Every structure is written in C-alpha cells, then in structure tokens.
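> One structure, as structure tokens, below. Some questions next.
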Amino acid sequence: MKDAFAFPMHSASRFQRRVLGWYQRNKRELPWRDNRDPYRIWISEIMLQQTRVKIVLPYYRKFLTRFPDLRSVASAEENEVVSCWSGLGYYRRARELHRAARQISTQGGEFPREFSRILELPGVGRYTAGAIASIAFDARHPVVDGNVRRLFSRYFGKLFSETVCWQLADSLLPKRQVGDYNQALMEIGARICRPKKPLCPACPLVQDCQTRGRPLPGLQRPVTPQAQTMVLLALNREEKFWLELRDSSQRILKNLWCFPMEYGQVGTGELRRRLLRRFGLRSAAQAGSFKHSIMQTRFHSSVVVASFRGKPPGKGVWVAMENLNQFPHSSIVEKAFALLTPCE
DNA sequence: GAGCCGTGGCT
DNA sequence: TAGCCAAGGCT
1 MKDAFAFPMH SASRFQRRVL GWYQRNKREL PWRDNRDPYR IWISEIMLQQ TRVKIVLPYY
61 RKFLTRFPDL RSVASAEENE VVSCWSGLGY YRRARELHRA ARQISTQGGE FPREFSRILE
121 LPGVGRYTAG AIASIAFDAR HPVVDGNVRR LFSRYFGKLF SETVCWQLAD SLLPKRQVGD
181 YNQALMEIGA RICRPKKPLC PACPLVQDCQ TRGRPLPGLQ RPVTPQAQTM VLLALNREEK
241 FWLELRDSSQ RILKNLWCFP MEYGQVGTGE LRRRLLRRFG LRSAAQAGSF KHSIMQTRFH
301 SSVVVASFRG KPPGKGVWVA MENLNQFPHS SIVEKAFALL TPCE
C-alpha cells in the first residue's frame, strides 16, 4: 500500500514544476513576503491559522506597527498583545504567541532555526513549524493544511487520512524552493482548488487531476448549526459602560472583557430577567439587536441599557468608548457598543 | 481522537 | 439572505 504514494520521479518533478511555475506567475504581494524575517513569517502563520488572508491583512499591519520585532512582544504585557488581536478571534493564539516570544527571549532572543525547536513554541504545531522552517529558512519540510488536503484529495481522487497527506506532501517536496513550493500549493488550494466551484481551467494541475471539478463525496465536513439567544447588559454611568472580565471557567470568550452577558436556549425575556436580578435593577431599555456566530452557534443577541449608580457587584471596570482598545475584547463588544452610540 | 475555540467575506 | 468555512493547535 505504501507504494501507492511513491511517485515516479518524473511525475513528481512535473508536479513541482507546474506548482512553482504557477506561483511565479500568480503569487500575491503580501506583507509577510517582503522579506524572510522569521519573526514576520511567524506572526503571519499564527494569524493565518483558520483565518483568511483578506481578514488578516489589516490586523497584520497593525500588529507589526505596534510590535515590530520579537523583543517588543516579549517585553509587552499579555493584555497589550491580546488587545491588538481584538476582533481576530481564536484569542488563545495571541496568548500563546506572547508566551512563545518570552520563551525565545529567555533562550537568547534569536528565533529558532531548527524545525524541532520551532515546534516547541507554544501555538506552533506541525503545520506552522513546517511553514516557518521552509519559508524563512528554506528547510526541507512539508506543510499540510486544509488547502493542501483538499487539493491532494481532488488531484488523486481519494480522501486521504491526515497521516497519508503528510507522507504524500513529503514525497512530493522539491529539493529547492521549498518555501515557495509550500506557499504555492496552499495558494492554489485557496484560490483555484477552492472548496466550492473550483476554477479548474485556471489550474496548473488539471491535466493529471483525477476529479477535475467532479465532486468528491465526503470532502465537506458535517456541521450542525444551533441557535441560541443572548442578552448583553450595558450599565451606563457618565459616558462609561461596565465591562466584566470573563474568567477562565467560561466556555467562550474566556479571559476577555465583555458586557455582563447571559445566553442559552431560552427566551430573551428570561435572560434579561437574570441580568436585571444580578444587578438589582427593575428595568432596562432595549438598545437594539444583532446576530453573531461563535463556532457552530448562532446567537441572536440583544442589548439592553440601564443607568447605574455606585459600584456593580463582581469584578469589572467602567470603560469609555475611546479606551476600549486597552481591554482585550471580542467583536461582540464592538457590535454592542455600536448600538449604544448614536450614529451621526 | 474528537471536541473546542471567533470571525466575517464570499457565494 | 444565510450558511459555508478558513495558511490549526491544544486538551
């Protein structure tokens, strides 16, 4: 069975030539492709985990302006790093990035060059280590991400296990230009061999592709969306609003600042009553509502506002809109704040 | 190994 | 419009 993935040399090199040729003609200009600074490539790879290039770009620029090098991240507080990440999602990435920066700085401050040492960094798995090693240091390591897995599956007309994908990627790896080749494979996957309606006529690999646009059963992952209700309470005191730090026992948005919040599979009225009880309030005004999805849950969120005097129970701070960026928060908070500010 | 963690552009 | 799904890693 193993032999099924040992390619004749000529077809492997043809595959590589086509991939690299396409890349040469079509590669996008991206800020992390300006040079081979491992720090810049590392940041890009962490941000790009489960996140599209288009979304990452503004965050990447902002992050590099605020934290231009490894040392600036290591010397910053975790909160500053996570604040800069607010809105990007998967906030653990930011915390682990900060931990990794400190880890590197205690080990001399030089970004590790060895694959195995890169792999030891928090938040860096096999994919990310391979990406950094190959792109920044031209080390001969493959990458397998969602794009590569989909491209391989279609190209060979078969759904491969994770393990086989890595073997495949390894056996197809060129001797040189490994970083370009890895990026090329992913970019072809993202832009040509995309999940739906692949652009086969534009694909450099279509000639030997086993499916050529024909659907491959089982390629899509099953999802079971679920709807829930959410209510956010905006306590108001002198142009400021009360934000709580969600503790680490929370399921979602842990260690982030948020309006007092209740959610579940119950009605808005019940959630609102719970919130009012918590703060000893008799009533609150409806400020508006919005939709927000976290993972496979669609939240129908409404915001209620009430003025408050004195100190609310629990741990929190009064925050003015213009200081929100000092507190790591989800985009839920942004959406809620937008409802509280009269538009002009 | 499966479940879990955010978000919003795209179709 | 609304669902789909992304340059994964950790537990």
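One point on numbering: in our numbering, the residue at position 337 of the first sequence is 337, and numbering is uninterrupted. Quick reminder that beta carbons are idealized off the backbone N, C-alpha and C, glycines included. This structure is a prediction, so every number in the text was calculated from the model and none was measured.
Considering H98, what are the terminal residues of the alpha helix (DSSP H) in which it resides?
Start and end: R92 to T106.
> Which residue's Cα is closest to the Cα of P142: L173, P112 and G125?
Closest by alpha carbon: L173.
> Please report the Cβ distance between A129 and S105, rounded to the nearest whole angstrom; I am assuming they are in contact, meaning their Cβ atoms lie under 8 Å.
No, A129 and S105 are not in contact; Cβ-Cβ is about 19 Å, not under 8 Å.
> Look at the Cβ atom of I192, then the Cβ atom of L185, and state whether they are nearer than 8 Å.
No, the pair does not count as a contact, with Cβ atoms beyond the cut-off.
> Quick one: Cα of L256 to Cα of L70, how far?
Distance between the alpha carbons of L256 and L70 is about 24 Å.
> Identify, in the order they occur along the chain, each residue of the same chain with its Cβ nearer than 8 Å to the Cβ of W166, setting aside the five sequence neighbours on each side.
Hits under 8 Å: R126, P142 and V144.
> Residues in the same chain with beta-carbon distance under 6 Å from R102, minus the five sequence neighbours each way, listed in chain order, please.
Same-chain partners within the cutoff: A74.
> Using DSSP's beta-bridge definition, name the partner residues of H329.
Answer is W257, bridged to H329.
> Output the boundary residues of the beta strand (DSSP E) element that contains E244.
E244 -> beta strand (DSSP E) spans K240 to L245.
> Which same chain residues end up closer than 6 Å to H292 when comparing Cβ atoms and leaving out the 5 residues on each side of it in sequence?
So the qualifying residues of the chain are F299, S301 and I332.
> From Y60 to P31, what does the alpha carbon distance come to, in whole angstroms?
Near 8 Å, if we compare the C-alpha coordinates of P31 and Y60.
> Rounded to a whole number of angstroms, what is the C-alpha to C-alpha distance between L20 and A306?
Approximately 60 Å between the Cα atoms of the pair.
> For A227 versus L340, is the C-beta distance shorter than 8 Å?
Not closer than 8 Å, so no.
> Residues in the same chain with beta-carbon distance under 8 Å from D247, minus the five sequence neighbours each way, listed in chain order, please.
For D247, where only same-chain residues beyond five positions count, the Cβ hits under 8 Å are K254 and N255.
> Residues in the same chain with beta-carbon distance under 6 Å from I252, minus the five sequence neighbours each way, listed in chain order, please.
If we look at I252 and ignore the five residues flanking it on each side, its Cβ neighbours are I294.
> Across the region 41-61 and the region 77-92, are there enough close Cβ pairs to call them in contact, namely three or more that are closer than 8 Å?
In short, these stretches touch, since the Cβ pair count reaches three.
> Let's test the definition: count the other Cβ atoms within 10 Å of the Cβ of A336 and tell me whether it reaches 16, buried, or not, exposed.
Buried, by the Cβ-count rule.
> Would you mind stating whether F82 and A94 have Cβ atoms separated by less than 8 Å?
Reading the sequence as shown, one finds Val at residue 82 and not Phe. In contact: V82 and A94 (Cβ atoms closer than 8 Å).
> Does DSSP put V206 in a helix, a strand or coil?
Residue state, collapsed to three classes: helix.
> Looking only at its own chain, which residues have a Cβ that is under 7 Å from the Cβ of E78, when we skip the five neighbours before and after it?
R95 and H98.
> So the beta strand (DSSP E) T128 belongs to, where does it begin and stop?
Not the beta strand (DSSP E): T128 falls in the alpha helix (DSSP H), residues R126 to F137.
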